[in-house]
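If you read the sequences in order, they're chains A and B.
If you read the first sequence in my numbering, its first letter stands for residue 455, the second for the next number, and so on.
If you read the second sequence in my numbering, its first letter stands for residue 145, the second for the next number, and so on.
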Amino acid sequence: MATAELVNPFREGLNLAGATEPVQLVIFGASGDLTKRKLLPAIYNLVQAGLAPQAFAVVGFARAPMSGEDFRGVLKAAVAESSEIRERDDDVLKKLSEHVDYVSGDFHNPAAYTNLKAQLDELDKRFGTSGNRIFYIATPASLYGDIAAQLHACGLTTPAEAGSFVRMIVEKPFGRDLASAKKLNAELLTYLREDQIYRIDHYLGKETVQNILVLRFANAIFEPIWNRRYIDSIQITVAESLGIEGRGNFYEETGVVRDVIQNHALQLMSLVAMEPPTTFDARDFRDEKIRVVEAIHPIESSEVDKYAVRGQYGPGSVAGERVVGYRQEPNVAPDSITPTYAAFRLQVDNWRWAGVRFYIRSGKRLPKRVTEIAMQFKEAPHLPFRKAQVETPEGDVLSLQIQPDEGIVLRFAAKVPGPSMRIRSVEMDFGYGETFGSVDASPYERLILDCMKGDQTLFDRADGVEAAWALVDPVLRAWESQRSVAFPNYDAGTWGPAAADALLERDGRKWRQL
Amino acid sequence: MTAAADGSQRQMADVLTQVAVGQIESELHRRRLEMLPKEPHPHTHSCVMTLVIAVEDERDNLDVFNTVESLAGKYPIRVVAVQTTGQRAGDDLAAWVNAECEGKPSAPICSEEVAIQGGVDSVDRIVSVVRGLLRADLPVMLWWRGGTPHGDGLWNGLRPLCDRIIVDSILFGDGAAALDTLRRLVNIAGKQTSVRDLNWERTAPWRAAIASCFDDHNVLALLPHIDRCAITYAAGNEKEQPSARAMLMAGWLVSRLPRLRGHSRTAAGKRWADVASGRVVAIALTSSSCKASVMLVRQPSPNGIEAEAHGESGKQFRRWRFPAHTLTEAELLDGSLEALGSDAIFEAALDI
Chain A
455 MATAELVNPF
465 REGLNLAGAT
475 EPVQLVIFGA
485 SGDLTKRKLL
495 PAIYNLVQAG
505 LAPQAFAVVG
515 FARAPMSGED
525 FRGVLKAAVA
535 ESSEIRERDD
545 DVLKKLSEHV
555 DYVSGDFHNP
565 AAYTNLKAQL
575 DELDKRFGTS
585 GNRIFYIATP
595 ASLYGDIAAQ
605 LHACGLTTPA
615 EAGSFVRMIV
625 EKPFGRDLAS
635 AKKLNAELLT
645 YLREDQIYRI
655 DHYLGKETVQ
665 NILVLRFANA
675 IFEPIWNRRY
685 IDSIQITVAE
695 SLGIEGRGNF
705 YEETGVVRDV
715 IQNHALQLMS
725 LVAMEPPTTF
735 DARDFRDEKI
745 RVVEAIHPIE
755 SSEVDKYAVR
765 GQYGPGSVAG
775 ERVVGYRQEP
785 NVAPDSITPT
795 YAAFRLQVDN
805 WRWAGVRFYI
815 RSGKRLPKRV
825 TEIAMQFKEA
835 PHLPFRKAQV
845 ETPEGDVLSL
855 QIQPDEGIVL
865 RFAAKVPGPS
875 MRIRSVEMDF
885 GYGETFGSVD
895 ASPYERLILD
905 CMKGDQTLFD
915 RADGVEAAWA
925 LVDPVLRAWE
935 SQRSVAFPNY
945 DAGTWGPAAA
955 DALLERDGRK
965 WRQL
Chain B
145 MTAAADGSQR
155 QMADVLTQVA
165 VGQIESELHR
175 RRLEMLPKEP
185 HPHTHSCVMT
195 LVIAVEDERD
205 NLDVFNTVES
215 LAGKYPIRVV
225 AVQTTGQRAG
235 DDLAAWVNAE
245 CEGKPSAPIC
255 SEEVAIQGGV
265 DSVDRIVSVV
275 RGLLRADLPV
285 MLWWRGGTPH
295 GDGLWNGLRP
305 LCDRIIVDSI
315 LFGDGAAALD
325 TLRRLVNIAG
335 KQTSVRDLNW
345 ERTAPWRAAI
355 ASCFDDHNVL
365 ALLPHIDRCA
375 ITYAAGNEKE
385 QPSARAMLMA
395 GWLVSRLPRL
405 RGHSRTAAGK
415 RWADVASGRV
425 VAIALTSSSC
435 KASVMLVRQP
445 SPNGIEAEAH
455 GESGKQFRRW
465 RFPAHTLTEA
475 ELLDGSLEAL
485 GSDAIFEAAL
495 DI
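As structure tokens, this is what we get:
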């Protein structure tokens, strides 16, 4: 019998512990910041929690000349310094270190890949990793295509043994516009099948983001009101109090639309607006998610000002600290027109959402770090209380809080105790932390584990990435062609430019006070 | 166990306050109000379940207390521990309460503990108090910490209130008797109530190790040859009856690989004198047609399971060492509370 047809009968019903096949995880860009800050701590946590397979190896690959011992030192430092480590255990670190190695080489040099392959084959024999390989590409996007081509040329994109697998995780940003995303997809799909490609957006690995799906699709009470009949509008806020943290070169090339709106914010919108998938498997789930992005009313180049607002922060104070303006940040052009804030007014052209406005805003140097989705419900059609006794209640709001305080808040009207009929808004508050303890598994842990298990549900698909770029592309083009913009147009520590307020005021609405 | 501020372990008397039985709910309410100014989210009163604990033997009270203390800070739960004792007259009842929050200041996890002790004639009174203390609309777990429950009055009163029954078959006698009790529990519980066994949870490291061995597709390729299994358990002498754990392991292997039915055996391992009686110490999965095998053996300090895979010729080609520390009662209970629904794999393992 071919092994590919055999299923491990002992795996069913066990906890997640060890529920993954033996595997080698190869990190391209292993000397970079992402590897140290996020990937190595996530890998350590997986091993510490017993979620990584017994037969496991981690191989770093980068240009930086470094020995295996040096890279193990990077791992040790990452575990010592990261705030994401749940439990530091020297035995776990020692065991993991024994399974960690490093290969130095130029990403464009075929010999480096031959060297890498020899090393992976040797580790296969040493650790019994069965030829299963995951390549985590944590490099600039411009290298993705070349890395895939080089891996293919030396035979690393095809399984090493019968029944083994090869998968590739690629980091965002996936392209910088629609054309480059299409080109990148085409390049990767030349060497790999779509089911081998895992486009990561760490937002989807957050527990509270996944809880949006549970809230919607595991509770019968919400579905009947989750539509245009009861919902007036939806506000999605992804606010950062931080600036660009010394990443001027990166941010000048990126800006808030590429950094947040095109991916994180649209992911959140698609989870809130999607139709219920038949199953939670990768195909059904991603089909529905992409369908709703494709149903967002396109923004024509001539109408950008009607649907979108851009901003850039000037000097100001955030949480009592004076901060410089964007143009005064290191490696930022003094006349930069890169937006650090954007607000969009969108609508979904389908039966469920016709007429419901989706307002999205994201920015740097806003008053606080907060990510939330707020469903503003329509007002009661008739208030039977005599007007003189009523404090006009604000409309009901269901707020899905993603960070920093993960939870769900329902705001509704209640009677203030006393002889008169006074109505006040009150909040019913579900806190993840108070109910389930700490929500401290990093999204990278979850997503790396999913990739080990071959589950693509929480990863982007080629057509999904392209649909998101197609939506924001006209806005990016219009903004990049109009260089005469009055930047900075909001002070650091405020909620963005006045034009963003006007965007909602035109519809008779206002941004939530967060 | 929660440590007191001076680093010492907390004692029951330090934590629980005696109250009149009729005042339990109001006292808990009073304590919650007392905590309000101390908590950053005073309006939150999360609760995910009621855990009812029936403690058969008074000598176990401290252990149970310590187990519950270990869970505090993990779940916002209401714990109701009950016991009948000859130390109390007739249907006399006494109650103690505690309510407190642990965890991060920004997200405290608040729990309530209630202890009720009654005389041997107080069963109906105890059950009526428990009924009134169940948190509305939330799952009710019954941890029966004692021997075979069938025929016990407290059991008969509490069982219908519960969505899940948690037992420890290590307290049910030898393997055959224990499995018989477990089967009866599952049958009586029906589809509405799930049954969990802490002793089954103790086999988890062995089951995980076996599953991990066969995750390797080269080992998985041997599976069609595997048609025999032998489970060795620690015993003082060769005539000692098979332990419940060994029989649960055998049941699980047979349920996962039906061709092992009739070809599985359990055997006492005398050379494991230093290991607590009844623990699984070795498992051999072998072939009657070739020399293919997967052999797992318990290793001491640090506790672990060493495994080897041998090909059709008998040549060893894989070797692993799996960590397998001895799980505490709190960890076992935690695992039983965390898993949702009934455990079909466990129930299938009883069919041996």
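Using N, Cα and C, we set each Cβ at its ideal position, and we do this for glycine too.
Close beta carbons around residue i, own chain, < 7 angstroms, minus the five adjacent residues each side
| i | result |
| --- | --- |
| A:PRO928 | ILE753, GLU754, SER755, VAL758 |
| A:GLU541 | GLN502 |
| A:ARG900 | GLY659 |
For residue j and residue i, the rounded distance between their alpha carbons
| i | j | result |
| --- | --- | --- |
| A:LEU597 | B:TRP344 | 50 angstroms |
| A:MET723 | A:PHE812 | 8 angstroms |
| A:GLN801 | A:ASP961 | 13 angstroms |
| A:GLN855 | A:THR662 | 8 angstroms |
| A:ALA672 | A:ILE623 | 30 angstroms |
| B:LEU172 | B:GLU256 | 7 angstroms |
| A:ARG630 | B:ALA365 | 46 angstroms |
| A:HIS718 | B:PRO220 | 32 angstroms |
| B:SER437 | A:GLY486 | 44 angstroms |
| A:TYR684 | A:VAL714 | 29 angstroms |
| B:ARG289 | B:ALA198 | 6 angstroms |
| B:LEU298 | A:PRO463 | 40 angstroms |
| A:ALA602 | A:VAL554 | 22 angstroms |
| A:PHE619 | A:GLY585 | 7 angstroms |
| B:LYS383 | B:GLY317 | 15 angstroms |
| A:TYR567 | A:PRO519 | 15 angstroms |
| B:GLN231 | B:ARG176 | 32 angstroms |
| B:THR211 | A:ALA868 | 41 angstroms |
| B:ARG327 | B:LEU494 | 6 angstroms |
| A:GLY559 | A:ASP600 | 14 angstroms |
Chain B contact for residue i (CB, 8 angstroms cutoff)
| i | result |
| --- | --- |
| A:LEU426 | Only positions 455 to 968 of chain A appear in this structure, which leaves residue 426 of chain A out of reach. |
| A:PHE464 | yes |
| A:PRO871 | no |
| A:GLN508 | yes |
| A:SER618 | yes |
| A:SER584 | yes |
| A:PRO838 | no |
| A:THR911 | no |
| A:THR825 | no |
Local conformation of residue i per DSSP, three classes
| i | result |
| --- | --- |
| B:TRP464 | strand |
| B:ILE496 | coil |
| A:PHE581 | helix |
| A:ILE651 | strand |
| B:ASN242 | strand |
| A:ALA684 | The question names Ala, yet the displayed sequence has Tyr at residue 684 of chain A. Coil, per DSSP. |
| B:GLY422 | coil |
| A:THR733 | coil |
| A:VAL786 | coil |
| A:ILE827 | strand |
| A:LYS636 | helix |
| A:ARG966 | coil |
| A:LEU864 | strand |
Cutoff 8 angstroms: residue i Cβ touching any chain A Cβ
| i | result |
| --- | --- |
| B:PHE466 | yes |
| B:TRP351 | Sequence inspection shows Arg at residue 351 of chain B; the Trp mentioned does not correspond to that position. Yes, B:ARG351 lies at the interface with chain A (some Cβ there is under 8 angstroms from its Cβ). |
| B:VAL504 | Chain B is shown from 145 up to 496; residue 504 of chain B falls before or after that span and cannot be answered. |
| B:ALA280 | no |
| B:ASN447 | no |
| B:SER356 | yes |
| B:ASN343 | no |
Own chain, CB closer than 6 angstroms to residue i, minus 5 neighbours either side, in chain order
| i | result |
| --- | --- |
| B:LEU195 | ILE221, VAL223, MET285 |
| A:LYS743 | SER724, MET728 |
Nonlocal neighbours in the same chain, by C-beta distance under 8 angstroms from residue i, ignoring five residues either side
| i | result |
| --- | --- |
| B:GLY413 | THR376, TYR377, ALA378, ALA379, VAL425, ALA426 |
| B:SER433 | HIS369, ASP371 |
Any residues in the region 247–268 of chain B with a beta carbon nearer than 9 angstroms to a beta carbon of chain D? Which ones, in chain order? Reference to chain D is not applicable here, since the protein chains of this structure are A and B.
Start-end ranges of the alpha helix (DSSP H) lying completely within the region 260–336 of chain B, minimum 4 residues: DSSP runs (the alpha helix (DSSP H)) wholly in the region 260–336 of chain B: 267–277, 297–302, 319–333.
Which runs of the alpha helix (DSSP H), 4 residues or longer, sit entirely within the region 205–244 of chain B? The region 205–244 of chain B contains these whole alpha helix (DSSP H) runs: 205–215.
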